[in-house]
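Student: If you scroll down you'll find the structure; I have some questions about it.
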Amino acid sequence: MGIILVLIFWVWIYLGFMIFFGCLVASSAERAELAAADPQKDDKQLRDAARGLLILAIACLGGPLWFLSKRVRQRWSSLEED
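Printed below as a string of structure tokens:
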């Protein structure tokens, strides 16, 4: 059971990073197109893209990192009791 949880955890982190960097590349390409068309609109789009990436990073990576910190706290408290 522990191995399955570890595998799920690492796949979750891997997918989170892949989604995050995929969105980063896509927003960079879109930002370059917008800058060529209308420089004023690019600033608003850049802020929106940055906000979206932050939300995506928190959603994708926050869960696994919370799970990892919970496991570390449990392990640390069990070491202190010994």
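First residue of the sequence shown? That's 3 in the working numbering, and the numbers climb one at a time after it. Ideal Cβ placement from N, Cα and C applies to all residues, glycine included. Fair warning: this is a prediction, and the values are worked out from it, not measured in the lab.
1. Cβ of Leu58 within 8 Å of Cβ of Ile21?
2. Alpha carbon to alpha carbon, what distance is there between Gln76 and Phe23?
3. Select from Leu70, Ala61, Val74 the residue whose C-alpha is nearest the C-alpha of Leu9.
4. Look at the alpha carbon of Cys25 and the alpha carbon of Ile60, and state the distance between them as a whole number of angstroms.
Tutor: In terms of the structure at hand:
1. Numbered from 1 along the sequence shown, position 56 holds the residue referred to as residue 58. Numbered from 1 along the sequence shown, position 19 holds the residue referred to as residue 21. Yes, the pair counts as a contact, with Cβ atoms nearer than the cut-off.
2. Counted from its first residue, the sequence shown places residue 23 at position 21. Counted from its first residue, the sequence shown places residue 76 at position 74. Going from the Cα of Phe23 to the Cα of Gln76 covers about 31 Å.
3. The residue given as residue 9 occupies position 7 in the sequence shown. Measuring from the Cα of Leu9, the nearest candidate turns out to be Leu70.
4. Start at 1 with the first residue of the sequence shown, and residue 25 comes out as number 23. Start at 1 with the first residue of the sequence shown, and residue 60 comes out as number 58. Taking the straight line from one Cα to the other gives about 13 Å.
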